[in-house]
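*Asks:* Residue numbers (the working numbering): 995 to 1203. Every residue gets a Cβ at the ideal spot worked out from N, C-alpha and C, and that includes glycine. Source: prediction; values computed, not measured.
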Ligand SMILES: *[C@@H]1O[C@H](CO)[C@@H](O)[C@H](O)[C@H]1NC(C)=O
């Protein structure tokens, strides 16, 4: 009996010392660090920190890419802080495209729930992995690799993307090249594109220089 009590007490002490918390809902007013946000006091945590209704609604696809990504990352969904998980909704109107992009901080699993989406990624060896997906299909995009999604049918398409991080990050290649003030000469030098093409793309995407 005493032995069992001792073991139970040791286990309890060990657990307490391990400092494992059930959750660490983000205090978004605090600093955003590589380890995430600091925790909101447990007494102030409510169920709504673990529920997001933002993905109920289709995003506004009236834009140049005819696509909308509605994130439930830590900034929109503080409950995921520190848990290595998050999700987003993707709406692709007819002709819609999510240009080549990467999430530096997360792998992605895409689940198509409506329509048809052609999706693909490029490996570090520059091998292409591309497939047209339909409702119910999922596709994996390994962390950091360039990937894209385009509407592959005559109907609006919807997908949900889950991520292996509360802060997956997003960098869109076309915007990185043509939507900022990186001088055209440098864009041309690093992409082998001609001046007219670079200037045209900068004009379309809002870049200068
Ligand atoms: C969608 O975005 C467009 C362009 O920004 C805007 O004109 C339109 O009002 C928006 N529609 C809705 C329903 O918010």
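1. Flag residue 1054 as yes when its Cβ comes closer than 7 angstroms to any non-hydrogen atom of ligand 1, and as no otherwise.
2. Is residue 1105 helix, strand or coil by DSSP?
3. Can you tell me whether DSSP reads residue 1034 as helix, strand or coil?
4. Could you compute how far the alpha carbon of residue 1187 sits from the alpha carbon of residue 1073?
5. Residue 1075 and residue 1014: beta carbons closer than 8 angstroms?
6. For residue 1159, which three-state DSSP category applies?
7. Return the first residue and the last residue of the beta strand (DSSP E) that residue 1115 is part of.
8. Tell me where the beta strand (DSSP E) around residue 1125 begins and ends.
9. Taking the alpha carbon of residue 1118 as the reference point, which residue from 1127, 1166, 1128, 1141 has its own alpha carbon closest?
10. Among 1051, 1017, 1056, which one has its Cα closest to the Cα of residue 1037?
11. Consider the Cβ of residue 1171: report whether some Cβ of chain D lies at a distance smaller than 8 angstroms.
12. Along the alpha helix (DSSP H) that carries residue 1178, what are the first and last residues, could you check?
13. With respect to 7 angstroms, is the separation between the Cβ of residue 1175 and the closest non-hydrogen atom of ligand 1 below this value?
*Replies:* According to the data block:
1. By 1-based counting over the chain shown, the position of residue 1054 is 60. Yes, ligand 1 has a heavy atom inside 7 angstroms of this Cβ.
2. Indexing the chain shown from 1 puts residue 1105 at position 111. If DSSP states are grouped into helix, strand and coil, residue 1105 belongs with the strands.
3. Taking the chain shown and counting its residues from 1, the one referred to as residue 1034 is at position 40. The three-state reading of DSSP puts residue 1034 in coil, since its state is none of H, G, I, E or B.
4. The residue labelled residue 1187 in the question sits at position 193 within the chain shown. The residue labelled residue 1073 in the question sits at position 79 within the chain shown. So the alpha carbons of these two residues sit roughly 44 angstroms apart.
5. In the chain shown, the residue the question calls residue 1075 occupies position 81. In the chain shown, the residue the question calls residue 1014 occupies position 20. No, the Cβ-Cβ distance between residue 1075 and residue 1014 is not below 8 angstroms.
6. On the chain shown, position 165 is the one that residue 1159 refers to. In this structure, residue 1159 counts as coil in the three-state DSSP scheme.
7. Counting from 1 along the chain shown, the entry for residue 1115 is found at position 121. Residues 1110-1116.
8. On the chain shown, residue 1125 is found 131 positions in, with the first residue counted as 1. Judged by DSSP secondary structure, residue 1125 falls within the beta strand (DSSP E) whose first and last residues are 1122-1128.
9. Here residue 1118 corresponds to residue number 124 of the chain shown, with the count starting at 1. Nearest of 1127, 1166, 1128, 1141 to residue 1118, Cα basis: 1141.
10. Counting from 1 along the chain shown, the entry for residue 1037 is found at position 43. Selection 1051, 1017, 1056 evaluated against residue 1037 yields 1017 as nearest (Cα-Cα).
11. Protein chain content of the structure displayed is limited to a single chain, and chain D is not contained in it.
12. For the purposes of this step, residue 1178 is taken as residue 184 along the chain shown, with counting starting at 1. That run of the alpha helix (DSSP H) goes 1178-1185.
13. The residue labelled residue 1175 in the question sits at position 181 within the chain shown. Every heavy atom of ligand 1 is 7 angstroms or more from the Cβ of residue 1175, so no.
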